[in-house]
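The structure appears right after this line, and notes come after that.
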Amino acid sequence: MSVHESTGAYVLDALPPDERREFEAHLEGCEACRREVEQLRVAADALPVGVTQYAPPPALKERLMAQVAAPAAPPARARSRRPQWFGWRSALALACAALIGIGIGRALSGDDVQRLQASVAPAGARVSLEMRDDESTLIARDLPAPPQGRVYQVWLKRRGVAAPEPTDALFTPRDGRAEVDVTGDLGDVEAVLVTHEPPGGSRAPTVAPLISITT
Amino acid sequence: MESLPPEQVQVIELAYFGGFTHTEIADRLGAPGGPIKGRMRLGLQKLRASLEGALAT
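These protein sequence lines are chains A and B, in that order.
Residues in the first sequence are numbered from 41 upward in steps of one, following this note's numbering.
Residues in the second sequence are numbered from 202 upward in steps of one, following this note's numbering.
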């Protein structure tokens, strides 16, 4: 089994930890795999769309439960799933970005990137925002998991508007790490905030921001 | 998803929504792990192709 075969499993977060580390090391030196991972990620990010259209969650859940009914032991490690709430707009935007080739070299080019550190963040966490012309990425390291049954949600505090604007950027860190694309016009945004919310996110924050990045 | 062969849909669903690794899926399906990874990759490649088709129309 060639290591190149692991791209799909990697994108689905289905590699055991040791294999994942091995594959990530391989990725650094294999451009073909990096390109394929970018391409397959577009498909994976669109999965919730496919499910919404063709298989309502209850049916899907029943089928999954039937398939995995036997041993009660959950997977041995804490896993952050790729968000099911991932909106179709984001999926489409990602797909378009990838199709016109933006996604691929993005992480490699250091041009025109402004990196802002969070002024408020959980103790020990390192959180920053990479701002580019067309999109921004919130990058977190050593970020604790949100409380049980909650997900992190990104908000935009716009100048002159009291209530933070919800985004569909929801995430849970994996091994303390998260990289979240923040789309939308950040032109009049004073701060990018993060709260924890129920799965699916909220229209208005239910807790005080845990993270604040002043732009 | 409906255009994919069922064995590819199954492993993708188990990984993505069930949170299982390919080795856990192989155990549960009684199949070797290598082909599971291959199915995931093939399935995603097809999904991407159909997504591209959908966007192009």
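For glycine and all other residues, C-beta sits at the position ideal for the given N, C-alpha and C.
Fair warning: this is a prediction, and the values are worked out from it, not measured in the lab.
| Check | Outcome |
| --- | --- |
| Does DSSP put arginine 190 of chain A in a helix, a strand or coil? | coil |
| Can you look up arginine 122 of chain A in the DSSP assignment and give me helix, strand or coil? | At arginine 122 of chain A, the pLDDT of 48 sits below 50, so the modelled position is not reliable and the matter cannot be decided from this model. |
| Any beta-carbon of chain B closer than 8 Å to the one on proline 56 of chain A? | yes |
| According to the neighbour-count rule (16 or more other Cβ atoms, all chains shown, within 10 Å of its Cβ), is threonine 246 of chain A buried or exposed? | exposed |
| Using the C-alpha atoms, what's the distance from threonine 235 of chain A back to phenylalanine 63 of chain A? | 32 Å |
| Within 8 Å (strictly less), CB to CB, does alanine 133 of chain A reach chain B? | At alanine 133 of chain A the pLDDT is 46, less than 50, meaning the model places this residue with poor confidence and gives no usable figure here. |
| Closer than 7 Å by C-beta to proline 114 of chain A: which residues in its own chain qualify, once you throw out the five before and the five after it? Chain order, please. | With a pLDDT of only 44 at proline 114 of chain A, under 50, the local geometry of the prediction cannot be trusted, and the value read off the model is given with reservation. Result list for proline 114 of chain A: empty, nothing under 7 Å. |
| Return the first residue and the last residue of the alpha helix (DSSP H) that valine 210 of chain B is part of. | 207–217 |
| Could you pull out every residue in the same chain whose Cβ sits closer than 7 Å to the Cβ of aspartate 182 of chain A, ignoring the five residues on either side in sequence? | Gly164, Ala165, Arg166 and Gly216 |
| Looking only at DSSP bridge pairs, what is serine 168 of chain A linked to? | A:Gln157 and A:Ile179 |
| In this structure, does DSSP put valine 247 of chain A in helix, strand or coil? | coil |
| Might you give, ordered along the chain, the residues of its own chain that have their beta carbon closer than 8 Å to the beta carbon of histidine 223 of chain B, omitting 5 neighbours on each side? | Val212, Ala216, Gly234, Ile237, Lys238 and Met241 |
| Expressed to the nearest angstrom, what Euclidean distance is found between the alpha-carbon atoms of proline 238 of chain A and proline 249 of chain A? | 14 Å |
| Kindly confirm or deny that the region 80–88 of chain A and the region 43–55 of chain A touch, where touching means at least three C-beta pairs closer than 8 Å. | yes |
| Relative to chain B, which residues along the region 67–86 of chain A have a C-beta separation below 9 Å, given in chain order? | Glu76, Gln79, Leu80, Arg81, Val82, Ala83, Ala84 and Ala86 |
| Buried or exposed: where does arginine 199 of chain A fall if 16 or more other Cβ atoms within 10 Å of its Cβ makes it buried? | exposed |
| Buried or exposed for proline 68 of chain A, going by 16 or more other Cβ atoms inside 10 Å? | The residue you asked about is not proline; residue 68 of chain A is glutamate in the sequence shown. Glutamate 68 of chain A comes out exposed. |
| Roughly how many angstroms separate the alpha carbons of alanine 180 of chain A and serine 168 of chain A, rounded to a whole number? | 7 Å |
| At a Cβ threshold of 8 Å, is proline 239 of chain A touching chain B? | no |
| Along the chain, where does the alpha helix (DSSP H) containing alanine 209 of chain A start, and where does it finish? | Premise fails: alanine 209 of chain A lies in the beta strand (DSSP E), 205–211, not in any alpha helix (DSSP H). |
| Could you tell me the alpha carbon to alpha carbon distance between glutamate 205 of chain A and glycine 227 of chain A, rounded to whole angstroms? | 14 Å |
| Where do the ends of the beta strand (DSSP E) carrying threonine 235 of chain A lie? | 229–237 |
| To which residues of the same chain is glycine 189 of chain A closer than 8 Å at the C-beta, ignoring the five residues directly before and after it? | Pro238 and Pro239 |
| Using beta carbons (cut-off 8 Å, strictly below), is threonine 47 of chain A in contact with chain B? | yes |
| DSSP three-state call for valine 220 of chain A: helix, strand or coil? | strand |
| Listing by chain order, which chain D residues have their CB less than 7 Å from the CB of glycine 239 of chain B? | The displayed structure is made up of protein chains A and B, and chain D is not among them. |
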